[in-house]
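K.L.:
In my numbering, the protein residues as written are 228 to 681.
By construction, the Cβ of each residue, glycine as well, lies at the ideal position given by its N, Cα and C atoms.
I have a structure here, written as structure tokens, and I will follow up with some questions on it.
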Amino acid sequence: MSTSEFLSTDAIRRLFAQAMSRMYRAEVPLYGDLVDLVAQINAQVLDTDAELASQLQRNDGRGRLDEERHGAIRVGTAEELSTLRRLFAVMGMQPVGYYDLSVAGVPVHSTAFRPTDAAALAANPFRVFTSLLRLELIEDDALRAQAAAILARRRIFTDDALALIEQAEHDGGLSAADAERFVAQALETFRWHGDATVALDTYHALQEAHRLIADVVSFRGPHINHLTPRTLDIDAAQAAMIERGMAAKAVIEGPPPRACPILLRQTSFKALEEPVHFPDGEGGRAGSHTARFGEIEQRGLALTHKGRALYDQLLTQAREADAAGSTGADYGQRLQAVFVGFPDDHATLRAEGLGFYRYQLTDAGRAAPGRVADLPAERLIAEGLATADPIIYEDFLPVSAAGIFQSNLGGGEQRAYAAHANRSAFEEALGARVHDEFALYQQLQDDSLASLRA
Ligand code: OOG
Ligand code: NI
228 MSTSEFLSTD AIRRLFAQAM SRMYRAEVPL YGDLVDLVAQ INAQVLDTDA
278 ELASQLQRND GRGRLDEERH GAIRVGTAEE LSTLRRLFAV MGMQPVGYYD
328 LSVAGVPVHS TAFRPTDAAA LAANPFRVFT SLLRLELIED DALRAQAAAI
378 LARRRIFTDD ALALIEQAEH DGGLSAADAE RFVAQALETF RWHGDATVAL
428 DTYHALQEAH RLIADVVSFR GPHINHLTPR TLDIDAAQAA MIERGMAAKA
478 VIEGPPPRAC PILLRQTSFK ALEEPVHFPD GEGGRAGSHT ARFGEIEQRG
528 LALTHKGRAL YDQLLTQARE ADAAGSTGAD YGQRLQAVFV GFPDDHATLR
578 AEGLGFYRYQ LTDAGRAAPG RVADLPAERL IAEGLATADP IIYEDFLPVS
628 AAGIFQSNLG GGEQRAYAAH ANRSAFEEAL GARVHDEFAL YQQLQDDSLA
678 SLRA
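Here you go:
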């Protein structure tokens with residue numbers, strides 16, 4: 228088959244994201260409510276904020292907004308992770324970034340599979356935060372061996388999914404009909420199973436080691452544990468959640484509200500306690516499991532290394548102010564006070580090299596190629612010949628992610644692991660290097676600057 232007969236990876240990713248969204252709506256109806264709520268808020272914001280509406284239009288952000296989601300899964304073995312990498316590659320999703328969550332007491336390390344270039348991001352930015360369990364952090368030797376043996380036995384991909392991955396790798400793509408079969412087969416890996424594969428006692432022992440370990444080891448596959456729509460106003464969305472009686476998390480993770488949003492702000496509703504059937508005893512036993520939840524997020528400017536260092540420093544300052552982490556009642560105020568130290572207008576953010584921007588000529592700029600050629604970018608902007616729009620942060624934040632993990636595992640446990648980041652072990656399990664997110668944003672900015680002169 229020739230390349231032109233393949234369905235594009237962007238189109239496959241869109242089909243998959245839509246199928247996941249339909250499945251999760253059916254599995255967790257509250258997610259559907261959240262999607263509807265966010266769509267309403269976004270429509271209101273776009274109605275009232277003409278500047279933001281036209282910025283999104285210019286920046287290829289409007290078209291993708293209604294379908295924009297991220298999801299999260301957790302896997303148990305290197306083989307599972309590396310096969311996921313191949314599965315996501317069929318949809319144009321690459322591993323970006325490395326996140327060590329052991330420092331926050333969660334025994335995993337993670338990456339995000341997502342599209343990387345401007346056109347693919349504009350088409351559909353679907354991302355999946357993917358965590359690998361670090362079995363070596365289970366202290367009890369017998370329990371660790373038992374968990375490893377259980378994981379070694381399971382098969383999380385259907386035979387057809389594996390065959391279609393191989394076919395796509397071999398041929399360089401999939402036809403429309405094969406892509407549809409691929410999406411249906413891939414979906415099976417992420418489906419919820421209400422029947423555990425381990426006895427109730429084993430489940431409890433795993434849970435004692437860490438609730439997350441029980442979540443990964445006790446089931447047939449890595450059920451999608453949340454799908455997150457992107458809101459343009461998370462404060463309004465959070466208020467609307469509470470108004471409708473959803474059990475929203477008290478604190479919004481990430482930076483405080485700002486005139487120029489940066490990075491990522493997130494909030495979630497608590498995970499549901501769901502009935503689970505355990506296979507032991509006469510006819511099995513009834514129990515429950517808490518893992519799946521809902522989350523919303525607002526995305527803003529991607530920061531440079533310099534900007535990110537400032538963000539990390541200010542966040543640490545706010546969290547350590549009274550040793551309460553992000554739990555104290557006055558955390559929001561503390562955060563606001565500390566972040567006064569982070570410039571909040573785009574001209575200063577650009578001048579200080581804190582964020583990445585996408586530059587484009589205006590109509591006036593296009594009409595005056597001679598003038599454009601000679602002027603530096605900031606002068607072009609000052610004279611109305613070019614615009615600079617924030618490049619949107621497409622990734623995640625480890626401190627926020629740890630907060631989301633913690634608040635959704637149920638139970639109030641807080642523990643710390645002595646282990647630290649082990650990126651090379653993660654990449655070995657993955658079977659590939661992860662992309663450097665800063666290099667990707669730099670490339671987007673450089674490409675846009677080059678196009679001013681083209
Ligand atoms: C992933 C939690 C991280 C986020 O948005 O930061 C995450 C998980 O609970 O598996 O999704
Ligand atoms: Ni999330």
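#1: Can you list the beta strand (DSSP E) stretches of 3 or more residues lying completely in the segment 458 to 521, in chain order?
#2: Quick check: what's the CA-CA separation for Asp-274 versus Ala-463?
#3: Less than 7 Å separating the Cβ of Gln-493 from some heavy atom of the ligand OOG?
#4: Could you pull out every unbroken alpha helix (DSSP H) segment of at least 4 residues lying fully inside the segment 380 to 417, listed in chain order?
#5: With burial defined as no fewer than 16 other Cβ atoms inside 10 Å of the residue's Cβ, what is the status of Ile-687: buried or exposed?
#6: Pull the bridge partners of Phe-340 from the DSSP assignment, please.
#7: From Glu-254 to Glu-366, what distance separates their C-alpha atoms?
#8: DSSP three-state call for Glu-610: helix, strand or coil?
#9: Assign Arg-252 to one of three DSSP states: helix, strand, or coil.
#10: Reducing DSSP to helix, strand and coil, say where Val-330 ends up.
#11: Inspect the beta-carbon positions of Asp-507 and Leu-378 and report whether they are closer than 8 Å.
#12: Spatial neighbours of Val-265 within its chain, please: C-beta separation below 7 Å, excluding the five flanking residues on both sides.
#13: By the DSSP assignment, the alpha helix (DSSP H) with Gly-421 in it spans what residues?
#14: How about Val-302 and Thr-338: are their beta carbons less than 8 Å apart?
#15: Can you tell me whether Ala-299 sits near the ligand NI, meaning its C-beta is under 7 Å from at least one heavy atom of the ligand?
#16: With contact counted as at least three CB pairs below 8 Å, one residue from each stretch, are the segment 397 to 412 and the segment 320 to 332 in contact?
#17: Evaluate Gln-525 with the Cβ neighbour count: other Cβ atoms within 10 Å of its Cβ, from every protein chain shown; 16 or more gives buried, anything less gives exposed.
#18: On the criterion of 16 or more Cβ atoms from any shown chain inside 10 Å, does Gly-592 qualify as buried, or is it exposed?
#19: Relative to the ligand OOG, is the shortest distance from any of its heavy atoms to the C-beta of Thr-455 smaller than 7 Å?
#20: In the DSSP assignment, find the unbroken alpha helix (DSSP H) run with Pro-603 in it and report its ends.
#21: Taking Cβ to Cβ, would you say Ala-656 is nearer than 8 Å to Leu-308?
P.N.:
Looking at the coordinates:
#1: Segments of the beta strand (DSSP E) lying fully in the segment 458 to 521: 491 to 496, 500 to 505 and 512 to 517.
#2: In this structure, the straight-line span from the alpha carbon of Asp-274 to that of Ala-463 is close to 14 Å.
#3: True, at least one ligand heavy atom lies under 7 Å from that Cβ.
#4: DSSP runs (the alpha helix (DSSP H)) wholly in the segment 380 to 417: 386 to 398 and 403 to 416.
#5: Here the chain covers residues 228 to 681 and nothing more, so residue 687 does not appear.
#6: Pro-322 and Val-355.
#7: Put simply, the backbone Cα of Glu-254 is about 34 Å away from that of Glu-366.
#8: Looking at Glu-610 - three-state DSSP - the assignment turns out to be coil, as it is neither helix nor strand.
#9: In the three-state reduction of the DSSP assignment, Arg-252 falls in the helix class.
#10: The DSSP-derived three-state label of Val-330 is helix.
#11: Taking 8 Å as the cut-off, the Cβ atoms of Asp-507 and Leu-378 do not count as close.
#12: Contacts found: Pro-456, Thr-458, Ala-464 and Ile-523.
#13: Per DSSP, Gly-421 belongs to no alpha helix (DSSP H) and is neither H nor E.
#14: At a Cβ-Cβ threshold of 8 Å, Val-302 and Thr-338 do not count as neighbours.
#15: It does: the Cβ of Ala-299 is within 7 Å (strictly closer) of some heavy atom of the ligand NI.
#16: The segment 397 to 412 is not in contact with the segment 320 to 332.
#17: Taking a 10 Å sphere around the C-beta of Gln-525, we find 16 or more other C-beta atoms and assign the residue as buried.
#18: Classification for Gly-592: buried.
#19: Thr-455 Cβ: within cutoff of the ligand OOG.
#20: Per DSSP, Pro-603 lies in no alpha helix (DSSP H) and is assigned neither H nor E.
#21: Yes, the Cβ-Cβ distance between Ala-656 and Leu-308 is below 8 Å.
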